[in-house]
Every structure is written in C-alpha cells, then in structure tokens.
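Right, one structure below, let's go through it.
In our numbering, the protein residues as written are 346 to 784.
Structural data, given as structure tokens:
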C-alpha cells in the first residue's frame, strides 16, 4: 500500500495582485483588439528587447518594448484589404542578413507573398512582392526557415489542396529560384507547418499534417534542401489533430536532446508526441501522448515552454467552453509524463497563450490575449537557481491512506508548496488520488 502519490512543485513568493502561479500581476501591452489571431515576441528595433507583434482583423501591428516590459503605442506594419486576419500569415526573419528582423506576409486572399524590409530601428520600406501566387491552390500557411543549408532564411508556403510546399530560395534578399516539395499524402492539408532538425543530422526538416490526422515528416536527406524523404510520424486516428497550425511547436519537452512535437491547443485535447531520435540514435515514428484534461473546444488556447520548473517543458492551456480556467503542468522525468495539472482561475475568454522574456531577466514571462480586447503580460517571478534545481530534504515513503505530511522547507528560502492535495505546506493523501498503481 505504499507508493509515490504525486509530484509537487515549489514556487517562489507571489505578487500581491492578480497573477498566475509563479507569474506576477499582469501588465497591459495594448487594448482594443477584437480578435488577435497570432502573437510573436521579437526584437524589431534592434535594442535587444523583445517587442510584441500581432495580427488582428486584417492588420499586422507591433508595440515597442522599453526593456522593462513597458510597451509603447501600437503601430501598423501591414494592413490587408480584407477584414479578418485569417486571410494572411506572417513571420519574422532576417531576410537580408543585415542584422535586422524583416516581416514576411502571405496574403491569402490577394494571393501575394510579400516582404517588408527593415531598414533599421523598425523602420520598414514598402512591401516587395516575392511571388504572385495566383493560379495556385488553396494557400494554407507560411514560415521562414533556412532549409537549403546556407545562412539565408528561405520562405516556404504550404499549398493545401495539392499537398505541396513551395520554397522561395533566398540569397540575402534576392529570390531567384523556386522549388516544390510534395508530401507523401494527397488531399487537403491543415495549415500546420514547422521546420527544425528533428532527426539530429544537422539540417532543417519539415512537419506537415493531413486532415485525416496523419502527421508526416519531410526529412531533409541531403542537407541542401534538394532531396526529401517522407516519414510517417503519427498515423491516422490518433489524438494529434491540429486546427489551424499556429500553436504547433517543436521543442524538447522531456529534455533528452531531441525536438518533440506538441500542440497544447489541439482540437481534441492538449497533446505532445515524443521523438526518439536521441534515445535510439535514429529517427522513427513519434509517440502521441496526452498532456492533461481539458480542451476539446475549437479555439481553446495552449502553449508549451521552459518556464523555470526544471529542465523539462511546462504546458499551459485553457479548458471548458468559456475558456475561463487555465491549467498548468510540468513534464515529470520520473513519471515520463506530464504531472497532474494545477488549476488557475483566469481572465475571461483567453484566446492565445505565449511566453517570452519581456523584462530582460532571462526568464520566460507569460503573454495572454483576452476576450476583453486586452493583450497582457505577467512577469515570471520564479527565483533563478544557479544549479537549476531546488534543494530538498528526502521525502518519506507515504501510505495511500496515511496521515497528512508536512512539507519541509527548501532552498531558496521563502517558497510555498503547491500541487494536487497540498494546502498550507502540507500534503494530504485524502485530498488527491494516487497517480500510480497501488498494491
């Protein structure tokens, strides 16, 4: 009848006002947005601070960060002729290799691929046409990524109808060559498209998804973007179903040295898929796994990041039809799974969750887009640990039906224990079910 019952988290002191777990009181970035559809944090003005860029109702706008998380007026970078932001995609990349981040826009309704050169300090030249895409099928999404093996980021457009990636090869701002990369599945694709080195051979691969639920890896076999191998990552019928692709991530969830696939805003429920490349010495299929309960609502929010609770990733997501409860879980290496989530009463109608270091302290802060037209960020208050770990005294073996167990003080001092079955720095087995089999 003895077993480990639950994983507990130690959090630093919290701010007195509204916050979430280890995140302090919210700071408004901007207001009066009807429906922000994507948010990116990036240094547009070259001052080494992360600014905020978002698309909202046909306009791509940004707000300058002063380095302390105080944001200036909202300026428009690009405005389309169509009222909804679903008609275009954007990415930020140094197209000319001049040290400034440029803006690339895929205007789906006008069938144009555009580039806004950053001339320095976030001053942008008029948009240049990279490609006129009239005559192509449905344009699903776009990213910038160096898949050719040279320093210049290329521009990849995901063509939905024919399952084709159109690659606009970049030579320091000159787009002279176009290539097409077909996947191994025919038929409609979802907009999901991400690129990074998933097989650990030193070049960038791509991940796409079919509407059937199949997820396919396009492995960059030759390293120069001219030879691709299709590999089925996830078969049809699994839990990994992506709605719009903007929340799909490649990151090292379990901290084993390879990039896993995750979508905490997946239509079914928050999910991740384990990559075994670092474990087995070669690339093979990914293993889909649930992150936790919740989701199942088209349009709920979610994101994964390394926010300071160990070297593994944390997941943040909303649940319920009103999206008014945020859930947080951290990957537990001993369980080889995400720990039971902690529930936070959240702002009304969270639409997007993102993270970035907005005050320059090296920690990932929380960014939320609310249904009340606000974009707000919350500082990460978790104390930085020199050795990356909290120093604890050994736990006793606990009985499933045992007495409450006082949780000892830990270093750094002043922290508070939280987690399932925890109150007043005391854990009670009666307050939380076992997460492991008992005997």
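Glycine included, each C-beta is placed from N, C-alpha and C at the ideal position.
Worksheet entry | Coarse secondary structure for residue 625, derived from DSSP in three states | The residue given as residue 625 occupies position 280 in the chain shown. Correct three-state label for residue 625: helix.
Item to complete: Using the DSSP secondary-structure output, state which residues sit across from residue 664 in a beta bridge.
Response: The count along the chain shown starts at 1 and reaches residue 664 at position 319. DSSP lists 670 as partners of residue 664.
Item to complete: Measure the alpha-carbon distance for residue 362 versus residue 369 and round it to whole angstroms.
Response: Here residue 362 refers to the residue found at position 17 of the chain shown. Here residue 369 refers to the residue found at position 24 of the chain shown. Residue confidence for residue 362 is low, a pLDDT of 34 falling below 50, so the modelled location carries little weight; the figure read from the coordinates is stated next. Looking at the two C-alpha atoms, the distance is approximately 7 Å.
Discussion item. Suppose only complete runs of 3+ residues qualify. What are the beta strand (DSSP E) ranges in the segment 550-617, listed by chain order?
Written reply: 550-555, 560-565, 573-579, 594-596, 605-608
Worksheet item: Expressed to the nearest angstrom, what Euclidean distance is found between the alpha-carbon atoms of residue 608 and residue 636?
Response: Walking along the chain shown from the start, residue 608 turns up at place 263. Walking along the chain shown from the start, residue 636 turns up at place 291. Residue 636 has its alpha-carbon roughly 9 Å from the corresponding atom of residue 608.
Worksheet entry | Distance CB(residue 714)-CB(residue 381) smaller than 9 Å | Residue 714 sits at position 369 when you count from the first residue of the chain shown. Residue 381 sits at position 36 when you count from the first residue of the chain shown. In contact: residue 714 and residue 381 (Cβ atoms closer than 9 Å).
Fill in: Contacting residues, own chain, Cβ-Cβ under 7 Å from residue 621 (five flanking each side not counted)
Sequence index remark: in the chain shown, residue 621 carries index 276 (1-based). If we look at residue 621 and ignore the five residues flanking it on each side, its Cβ neighbours are 629.
Worksheet item: What number of angstroms, rounded off, separates the C-alpha of residue 462 from the C-alpha of residue 470?
Response: In the chain shown, the residue the question calls residue 462 occupies position 117. In the chain shown, the residue the question calls residue 470 occupies position 125. The straight-line gap from Cα to Cα measures roughly 5 Å.
Discussion item. Under DSSP, the beta strand (DSSP E) around residue 654 begins and ends at which residues?
Written reply: Against the chain shown, residue 654 aligns to sequence position 309. Here residue 654 belongs to no beta strand (DSSP E), and DSSP marks it neither H nor E.
Discussion item. If the criterion is Cβ atoms closer than 9 Å, does the pair residue 570 and residue 518 meet it?
Written reply: One-based indexing of the chain shown puts residue 570 at position 225. One-based indexing of the chain shown puts residue 518 at position 173. No, the pair does not count as a contact, with Cβ atoms beyond the cut-off.
Discussion item. With three or more C-beta pairs closer than 8 Å as the rule, is the segment 377-391 touching the segment 687-705?
Written reply: yes
Discussion item. Given this structure, state the Cα-to-Cα distance separating residue 721 from residue 408, to the nearest angstrom.
Written reply: As a working note, residue 721 is residue 376 in the chain shown. As a working note, residue 408 is residue 63 in the chain shown. Between residue 721 and residue 408, the C-alpha separation is close to 12 Å.
Discussion item. Taking 9 Å as the threshold (C-beta atoms), are residue 488 and residue 439 in contact?
Written reply: As a position in the chain shown, residue 439 is number 94, starting the count at 1. As a position in the chain shown, residue 488 is number 143, starting the count at 1. Cβ atoms of residue 439 and residue 488: not closer than 9 Å.
Worksheet item: So, using beta-carbon positions, are residue 525 and residue 512 closer together than 9 Å?
Response: As a first step, residue 525 is located in the chain shown; it is residue number 180 there, counting from the start. As a first step, residue 512 is located in the chain shown; it is residue number 167 there, counting from the start. Yes, the Cβ-Cβ distance between residue 525 and residue 512 is below 9 Å.
Practice prompt. Report yes if the C-beta distance between residue 848 and residue 536 is below 9 Å; otherwise report no.
Written response: Missing from the structure shown is residue 848; the chain here goes from 346 to 784 and no further.
Worksheet item: CB residue 603 to CB residue 618, shorter than 9 Å?
Response: Position 258 of the chain shown, counted from the first residue, corresponds to residue 603. Position 273 of the chain shown, counted from the first residue, corresponds to residue 618. Going by C-beta atoms, residue 603 is not nearer than 9 Å to residue 618.
Item to complete: Using a threshold of 9 Å, state whether the C-beta atoms of residue 649 and residue 598 are closer than that.
Response: Counting from one through the chain shown, the residue named residue 649 turns up at place 304. Counting from one through the chain shown, the residue named residue 598 turns up at place 253. Cβ atoms of residue 649 and residue 598: closer than 9 Å.
Worksheet item: What are the start and end residues of the beta strand (DSSP E) that includes residue 417?
Response: By 1-based counting over the chain shown, the position of residue 417 is 72. Start and end: 416-424.
Worksheet item: Between residue 497 and residue 441, what straight-line distance do the alpha-carbon atoms span, to the nearest angstrom?
Response: Residue 497 sits at position 152 when you count from the first residue of the chain shown. Residue 441 sits at position 96 when you count from the first residue of the chain shown. Answer to the nearest angstrom: the Cα atoms are 7 Å apart.
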